[in-house]
Each structure stands twice: as C-alpha cells, then as structure tokens.
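Before any comments, here is the structure.
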Amino acid sequence: MYYMFSGPDFLYAHAFFPNANTYILAGLEPVGQVPDLSRMNADALNANLGALRDSMSTLLVTHYFVTEEMKSELGRNSLTGTVPIIYVFLARLGCTVVDTTYIRNPAEGVKITFNHGGGPQTLYYFKTDLSGGGSTFLRWCASHGSGVSLIKAASYLMHNEGFSGVRNFLLEHSTFIVQDDSGIPVRSFGKNWQLEFYGRFIPHGEKFGKYDQQALAEIYHRNPPPPELGFAFGYWWQAERGLLMLARRK
C-alpha cells in the first residue's frame, strides 16, 4: 500500500490495511536511527522517552502529524527521526520487528520486516520531496505495481500542479484510494473511478480556503452522504467533523 505525505504515521496505514504485504510511506521527516535503549542510563532513558512522547503528541490528539513540528521535535533527543516512532507504533500494534535495513536507493530510507501473527510484512519509509516530476522514487514505486493508497492531512498539495507527478502516479497505480478532502481533488478522478463519501464536508476557511472544492461541495449539496463518520480523520480531528472518501477503480 502507498501512503504519500505520511511522515511516520504507520498507525493509520495499519488500521486501514492491516494485511498489506508491503507498506510504502514517504515524507520530508528524517529517517533517524534504530534506538539502542540498553545503552542508556535510567535518567537518559526517561528523558528520551518523554521527548519521544512529545513528538507523537500531535498525532495522538489530532490524529495527524505536522511536518514543521516534526522537524523540530525529531532532533531534540537521542531517539531521532521517524524510526523510533515507527517502532513504538509497531510495538503497540503487537508487531514483532524481524529485521531493519537502511537503504539509499531510490531515496534515503529504511526497510523494516515485521510479523503480526502471520507471514512477514515489509514497511518502507523514505525521506523524499514529492514535488516536481521525473521522480526516481515514484519510478521505483511503479516497479512494485498497483496497490491501495491512503492520503490524509496532505496540505492540499496535490491540488497544485507542482505535485501533479505524485497525483498522477496515485491515480495510475491505485486500485483503491482512501482519503480526506486534502488529498487528490475530486475533479481529477475520471469516469473510471467510483467515488463514495462519508461524514461531513466542512470547508477549511482559515488555512486552506484558497483550494477549489466546488466539485465536492456540489456532491454534498445534491446528495448528502451519511453525516457522521464516527472517528477522526484528516484535519478535522473531531469525530463528528471528519470526511472520508473511498475511490474504487472500475
């Protein structure tokens, strides 16, 4: 499964697609190092675990990471980068890490093999800029074939032509997309997609009001979907305000 603009958010990737063979996550957050907690004294361990909790606090409250916050938080202690956070999520989900390998192709990243009661599963995280075209990373992803995709709290980046490369990749290589309204704009889905909507559409007037959501507003006006999503998703972290869109390739 593909999860672009994810940061270290393996939690939602696993919640929606627990049986995926391969998870491919990408963001701007640094990869970091595998923590060796056995070499820390008690004071250092407590301080570092406290800093790690702080770096995850936004996700645990609002259910999404803020990139600028993560850049600041992830360098404040010995447990640096996304890997320690991913390890926490794997542990709390009952997964067992089998192997961790750092990789540099197609971008700086990490490959984690883990078990969750069945056969081995693979998690990749890459630190990479998804803007522009001709991405070596996206060509590498294409070599893995089609899959399912998750997009949330993506800052409406794929509403801009500067991110048309990753937008087109997901449309061409996804059989199924789960996203909020900050992902791929509705107008980009052709007739070969079946779209379903759940929850409320509440425009983000303050920060993201400039992005055109007219097509989505018209859908909600013509045929309002079930109003209550029931869980937090996207930038509206209150359960009663979330919006989820399912896109299925016909």
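With this note's numbering, the residue at position 89 of the sequence shown is 1167, and numbering never jumps.
Idealized CB from N, CA, C, for every residue including glycine.
Handout entry: Within 8 Å, strictly: CB atoms of Y1081 and L1103
Key = As a working note, residue 1081 is residue 3 in the sequence shown. As a working note, residue 1103 is residue 25 in the sequence shown. Result yes, Cβ atoms of Y1081 and L1103 sit closer than 8 Å.
Practice task
Classify A1093 as buried or exposed, calling it buried when 16 or more other Cβ atoms lie within 10 Å of its own Cβ.
Solution key: Taking the sequence shown and counting its residues from 1, one reaches residue 1093 at position 15. Exposed, because fewer than 16 other Cβ atoms sit within 10 Å of the Cβ of A1093.
Handout entry: Boundaries (first-last residue) of the alpha helix (DSSP H) holding S1242
Key = Walking along the sequence shown from the start, residue 1242 turns up at place 164. S1242 to H1251 is the extent of the alpha helix (DSSP H) around S1242.
Problem - Pairwise C-alpha distance: R1300 and I1163 - result: If you number the sequence shown from 1, residue 1163 lands on position 85. If you number the sequence shown from 1, residue 1300 lands on position 222. Their backbone Cα atoms lie some 42 Å apart in a straight line.
Problem - Spatial neighbours of G1287 in its chain, beta-carbon cut-off 7 Å, leaving aside the 5 residues before and after - result: Your numbering for residue 1287 matches position 209 in the sequence shown. Counting only Cβ-Cβ distances below 7 Å, and skipping sequence neighbours, we find P1281.
Exercise for the section: Could you have a look at W1218 and say whether DSSP puts it in helix, strand or coil? Expected result: The residue labelled residue 1218 in the question sits at position 140 within the sequence shown. Taken through DSSP and simplified to helix, strand or coil, W1218 comes out as helix.
Practice task
Go to L1157, then tell me how far its alpha helix (DSSP H) extends in each direction, as first and last residue.
Solution key: If you number the sequence shown from 1, residue 1157 lands on position 79. Segment: none, L1157 is in no alpha helix (DSSP H) and carries neither H nor E.
Handout entry: Y1180 burial status per 10 Å Cβ neighbour count (16 or more: buried)
Key = Position 102 of the sequence shown holds residue 1180. Exposed, because fewer than 16 other Cβ atoms sit within 10 Å of the Cβ of Y1180.
Practice task
Give the straight-line distance between the Cα atoms of Y1165 and F1279, rounded to the nearest whole angstrom.
Solution key: Translated into the one-based positions of the sequence shown, residue 1165 becomes position 87. Translated into the one-based positions of the sequence shown, residue 1279 becomes position 201. Approximately 34 Å, taken between the alpha carbons.
Exercise for the section: Jot down the residue ranges of each uninterrupted alpha helix (DSSP H) in the segment 1081-1111, minimum 4 residues, whole runs only, in chain order. Expected result: For the segment 1081-1111, the continuous alpha helix (DSSP H) assignments of 4+ residues that do not extend past its boundaries occur at 1088-1094, in sequence order.
Handout entry: Extent of the continuous beta strand (DSSP E) run through I1297
Key = Mapped onto the sequence shown, residue 1297 falls at position 219. For I1297, there is no enclosing beta strand (DSSP E); the enclosing alpha helix (DSSP H) covers residues Q1292 to R1300.
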